[in-house]
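One line per chain: the protein sequences are A and B, in this order.
Quick note on numbering: my numbering labels position 46 of the first sequence as 46, and the sequence is numbered without any gaps.
Position in the second sequence counted from 1, then plus 1000, gives you my numbering.
Protein chains: 2
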Amino acid sequence: MTTFSIIGTGNMAKAIGGVLADGGSDVSYVTREQVGTAPLADVVVLAVPYPAVDSILEAYGDALAGKTVVDITNPLNFETFDSLVVPAGSSAAAQIQAKLPSSTVLKAFNTTFAATLASKKVGDLPTTVLVAGDDAAAKQALVAAVQAGGVGALDAGSLARAHELEAIGFLQLTLAVGEQVAWTGGFAVAR
Amino acid sequence: MTTFSIIGTGNMAKAIGGVLADGGSDVSYVTREQVGTAPLADVVVLAVPYPAVDSILEAYGDALAGKTVVDITNPLNFETFDSLVVPAGSSAAAQIQAKLPSSTVLKAFNTTFAATLASKKVGDLPTTVLVAGDDAAAKQALVAAVQAGGVGALDAGSLARAHELEAIGFLQLTLAVGEQVAWTGGFAVAR
């Protein structure tokens, strides 16, 4: 059984934790006040906005070494909704991996709105979580834990593909904010 | 009624032309041998691989001025399947627009496999064509022509969003080549 620490208590944190708990994983939550002091499980999900990530990495420091760290962020410039705040061609996940050379970073959950994780449906199709990362075993463990929770999950490739996942998340957010898709909809994956 | 010239005669050319003709648009095809000599309609769809675009632009030259030019390409490095051949942060559509300052470039059809245009279904969901561009009227005309053909179409934002559309097309191709999704599936849009 995989054990998860979910840092954050917002809609995404609860939706992700709900899927994982449905699948029988051991899930604990770390609130803002507990960051840096609460012990961490094998897999740490950073279920916070991108600007909040750095302070979490600093607060935990070496405690993240050897862990799988899951980045769910969409690093948008939320003032303009017209660009990302990470360098062109890179990704939030790549930035986080560079800051955590002794951790295994995965990108996941950034292309699924919270409502589609909670309902397990995007429109009429099952929700699919896309997972990118360079460590096949860590990636497969997350895919299996999500699938056990009744939600589809796909290996989306190496951590370099986090760039494409963040592009999907970016576009999906602009479509939802522009009322072109609902927050219960968005991109679904047909196998 | 919008008139379309589709440059190319491959699967994508036929699938796009089929949708547009179903919607009552006037569609003509330009074969490789006719490039540069066949007259062009108001909207020109470059239904060819990205490496073939430049020779078409050169062959037609000023004849493309004032036209709407639709770029459908996914500019992958097809040797590595690990990157695009356009500069980081840019897009094939932006490169084409830079070469055609007197034309209106739209990005469309690059996130829909040919089979999903022909069947009008991605899995159990209706197919949706995502259209990006800076000219609202040209974009709306294409959206309407696709919708008239029985396929969904969404305004995906400014031409800058072609970067995100090409990221989706890139990831979708890698998933299909890796047999994670079928060529009759891929990304669907739930409203």
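Ideal Cβ placement from N, Cα and C applies to all residues, glycine included.
On a predicted model such as this, the values are computed, not experimentally measured, just so you know.
**Item:** Residues that Glu-164 (chain A) contacts on chain B, provided the C-beta gap is smaller than 8 Å
**Value:** For the purposes of this step, residue 164 (chain A) is identified with residue 164 of the first sequence, where counting begins at 1. Within 8 Å Cβ-Cβ: Ala-1167, Ile-1168, Phe-1170 and Leu-1171.
**Request:** Establish whether the CB of Val-181 (chain A) and some CB of chain B are separated by less than 7 Å.
**Result:** Here residue 181 (chain A) refers to the residue found at position 181 when the first sequence is read from its first residue. Yes, contact with chain B.
**Endpoints, the alpha helix (DSSP H) within which Thr-2 (chain A) is located** = The residue labelled residue 2 (chain A) in the question sits at position 2 within the first sequence. Run containing Thr-2 (chain A): none; DSSP gives neither H nor E here.
**Request:** Specify the secondary structure class of Val-1146 (chain B) as computed by DSSP and reduced to three states.
**Result:** Here residue 1146 (chain B) corresponds to residue number 146 of the second sequence, with the count starting at 1. If DSSP states are grouped into helix, strand and coil, Val-1146 (chain B) belongs with the helices.
**Request:** Quick one: give me the first and last residue of the alpha helix (DSSP H) that Ala-13 (chain A) is part of.
**Result:** Taking the first sequence and counting its residues from 1, the one referred to as residue 13 (chain A) is at position 13. From DSSP, the alpha helix (DSSP H) with Ala-13 (chain A) extends over 11-22.
**Request:** Pick helix, strand or coil for Leu-57 (chain A), following the three-state DSSP scheme.
**Result:** Here residue 57 (chain A) refers to the residue found at position 57 of the first sequence. Here Leu-57 (chain A) sits in helix by DSSP.
**Per DSSP, the bridge partner or partners of Asp-26 (chain A)** = As a working mapping, residue 26 (chain A) is identified with position 26 in the first sequence. BP columns for Asp-26 (chain A) point to A:Thr-3.
**Prompt:** Which chain A residues are close to Leu-1064 (chain B), counting only those with a beta carbon under 8 Å from its beta carbon?
**Reply:** Here the question's residue 1064 (chain B) lines up with position 64 in the second sequence. In chain order: nothing, as chain A lies at least about 28 Å away.
**Asked** Mind checking whether Ser-5 (chain A) and Leu-46 (chain A) have CB atoms under 7 Å apart?
**Response** What you label residue 5 (chain A) is simply residue 5 of the first sequence in a count that begins at 1. What you label residue 46 (chain A) is simply residue 46 of the first sequence in a count that begins at 1. Contact: no.
**Request:** Give the straight-line distance between the Cα atoms of Asp-26 (chain A) and Val-1146 (chain B), rounded to the nearest whole angstrom.
**Result:** Translated into positions along the first sequence, residue 26 (chain A) becomes position 26. Translated into positions along the second sequence, residue 1146 (chain B) becomes position 146. Looking at the two C-alpha atoms, the distance is approximately 48 Å.
**Request:** Under 8 Å by Cβ, that's how I've got Gly-1018 (chain B) and Val-1048 (chain B) pegged, so tell me the actual separation to the nearest angstrom.
**Result:** For the purposes of this step, residue 1018 (chain B) is taken as the residue at position 18 of the second sequence. For the purposes of this step, residue 1048 (chain B) is taken as the residue at position 48 of the second sequence. Rounded to whole angstroms, the Cβ separation of Gly-1018 (chain B) and Val-1048 (chain B) is 17 Å, and the two are not in contact under 8 Å.
**Item:** Selected residue, minimal CA-CA separation from Arg-161 (chain A), among B:Ala-1115, B:Asn-1077 and B:Leu-1171
**Value:** Against the first sequence, residue 161 (chain A) aligns to sequence position 161. Ranking B:Ala-1115, B:Asn-1077 and B:Leu-1171 by Cα distance to Arg-161 (chain A) puts B:Leu-1171 first.
**Request:** Answer with buried or exposed for Met-1012 (chain B), where buried requires no fewer than 16 other C-beta atoms within 10 angstroms of its C-beta.
**Result:** Indexing the second sequence from 1 puts residue 1012 (chain B) at position 12. Classification for Met-1012 (chain B): buried.
**Request:** Taking Leu-57 (chain A) as the query, report the chain B residues whose CB atoms sit under 8 Å from its CB, ordered along the chain.
**Result:** One-based indexing of the first sequence puts residue 57 (chain A) at position 57. What Leu-57 (chain A) touches in chain B: nothing, since even the nearest Cβ is about 25 Å away.
**Prompt:** Residues of chain B with CB under 8 Å from Ala-98 (chain A), in chain order?
**Reply:** As a position in the first sequence, residue 98 (chain A) is number 98, starting the count at 1. The premise fails here: Ala-98 (chain A) is roughly 16 Å from chain B at the closest Cβ pair, so nothing lies under 8 Å.
**Where Val-189 (chain A) meets chain B, residues with beta-carbon distance less than 7 Å** = Here residue 189 (chain A) refers to the residue found at position 189 when the first sequence is read from its first residue. Chain B residues near Val-189 (chain A): Val-1181 and Phe-1187.
**Request:** Take the Cβ of Thr-1037 (chain B) as the centre, count every other Cβ of all protein chains shown within 10 Å, and call the residue buried at 16 or more, exposed below.
**Result:** The sequence position of residue 1037 (chain B) within the second sequence is 37, counting from 1. The residue is exposed, with fewer than 16 neighbouring Cβ atoms inside 10 Å.
**Prompt:** Quick one: does Ala-1080 (chain B) have its CB under 7 Å from some CB of chain A?
**Reply:** Counted from its first residue, the second sequence places residue 1080 (chain B) at position 80. Here residue 1080 (chain B) turns out to be Thr, not Ala, going by the sequence shown. With 7 Å as the cut-off, Thr-1080 (chain B) does not count as an interface residue toward chain A.
**Message:** In whole angstroms, give me the CA-to-CA distance for Ser-1204 (chain B) and Lys-1067 (chain B).
**Reply:** Since the displayed chain B opens at 1001 and closes at 1191, residue 1204 (chain B) lies outside it and no answer follows.
**Item:** Contacting positions in the segment 87-120 of chain A - beta carbon closer than 7 Å to chain B
**Value:** Hits within the stretch, in order: Ala-88 and Gly-89.
**Message:** By the DSSP assignment, the beta strand (DSSP E) with Ala-1118 (chain B) in it spans what residues?
**Reply:** Mapped onto the second sequence, residue 1118 (chain B) falls at position 118. Premise fails: Ala-1118 (chain B) lies in the alpha helix (DSSP H), 1114-1119, not in any beta strand (DSSP E).
**Message:** Between the alpha carbons of Phe-1109 (chain B) and Pro-1126 (chain B), how many angstroms are there, rounded?
**Reply:** Along the second sequence, one-based indexing puts residue 1109 (chain B) at 109. Along the second sequence, one-based indexing puts residue 1126 (chain B) at 126. About 14 Å.
**Asked** Along the chain, where does the alpha helix (DSSP H) that runs through Phe-1170 (chain B) open and close?
**Response** Counted from its first residue, the second sequence places residue 1170 (chain B) at position 170. First-last of the alpha helix (DSSP H) with Phe-1170 (chain B): 1162-1177.
**Request:** Can you say whether Ser-91 (chain A) is buried or exposed, counting buried as having 16 or more other CB atoms within 10 angstroms of its CB?
**Result:** Looking up residue 91 (chain A) in the first sequence gives position 91. So Ser-91 (chain A) ends up on the buried side.
**Asked** Looking at the C-beta of Gly-1150 (chain B), does it have a partner C-beta in chain A at a distance below 7 Å?
**Response** On the second sequence, residue 1150 (chain B) is found 150 positions in, with the first residue counted as 1. Judged by the 7 Å Cβ criterion, Gly-1150 (chain B) is not in contact with chain A.
**Asked** For Leu-1020 (chain B), which of B:Ala-1052, B:Val-1035, B:Pro-1087 and B:Val-1143 has the nearest alpha-carbon?
**Response** Locating residue 1020 (chain B) in the second sequence gives position 20, where the first residue counts as 1. Nearest of B:Ala-1052, B:Val-1035, B:Pro-1087 and B:Val-1143 to Leu-1020 (chain B), Cα basis: B:Val-1143.
**Asked** CA-CA distance, Val-1129 (chain B) and Ala-1156 (chain B)?
**Response** The count along the second sequence starts at 1 and reaches residue 1129 (chain B) at position 129. The count along the second sequence starts at 1 and reaches residue 1156 (chain B) at position 156. Between Val-1129 (chain B) and Ala-1156 (chain B), the C-alpha separation is close to 9 Å.
**Message:** Suppose the cutoff is 7 Å on Cβ atoms and the five residues either side in sequence are ignored; what does the same chain contact list for Asp-1135 (chain B) look like?
**Reply:** Position 135 of the second sequence holds residue 1135 (chain B). These residues qualify, in order along the chain: Thr-1104.
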